[in-house]
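Going by full-length UniProt numbering, the sequence shown opens with residue 1, and the numbers climb by one from there.
The beta-carbon is built from N, C-alpha and C at its ideal position, and this holds for glycine as well.
Predicted model, so just to flag it, every value in this text is computed and none were measured.
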Amino acid sequence: MNLVLTAASHFAAVAPTVAPEKAGQVTRQTYPNYKIIVLNDDFNTFQHVTECLIKYIPFMTSDRAWELTNQIHFEGQAVVWVGPQEQAELYHTQLSRAGLTMAPLEAA
């Protein structure tokens, strides 16, 4: 018995050390962004759409709001903001309550 124990101890001492394969590493994933899309309709005026974008979308300039309003009119829709879900839900709700025609929120 002593011989087996000694051999096992010797084997353990000379066996190579193997590092675990990234089992303890944490992979960080970012939360997905969401797109706010305003759709064209037949009842909102250019002025109203532009004013709503300026009022509810942070850092929206009047020039950018006007460009997006034109895109909504001529192309049928425009992505007016992209960002985290909670903020997207708030801005989407505000624009919808202001009477704009909205596409459902979708992951970017």
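Contact between Leu53 and Val80 holds: CB atoms are separated by about 6 angstroms, below the 8 angstroms threshold. If you draw a straight line from the Cα of Ile37 to the Cα of Val82, it comes to about 9 angstroms. The alpha helix (DSSP H) runs lying completely inside the segment 23 to 104 and spanning 4 residues or more are 46 to 56, 62 to 75 and 85 to 97, given in chain order.
Nearest neighbour of Leu68 by Cα position, chosen from Lys55, Ala98 and Val49, turns out to be Val49.
Around the C-beta of Ala103, fewer than 16 other C-beta atoms lie within 10 Å, and the residue is accordingly described as exposed. The closest CA to that of Leu100, considering only Gly24, Ala107 and Tyr91, is found on Tyr91. In the DSSP secondary-structure assignment, Ala108 is not bridged to any residue.
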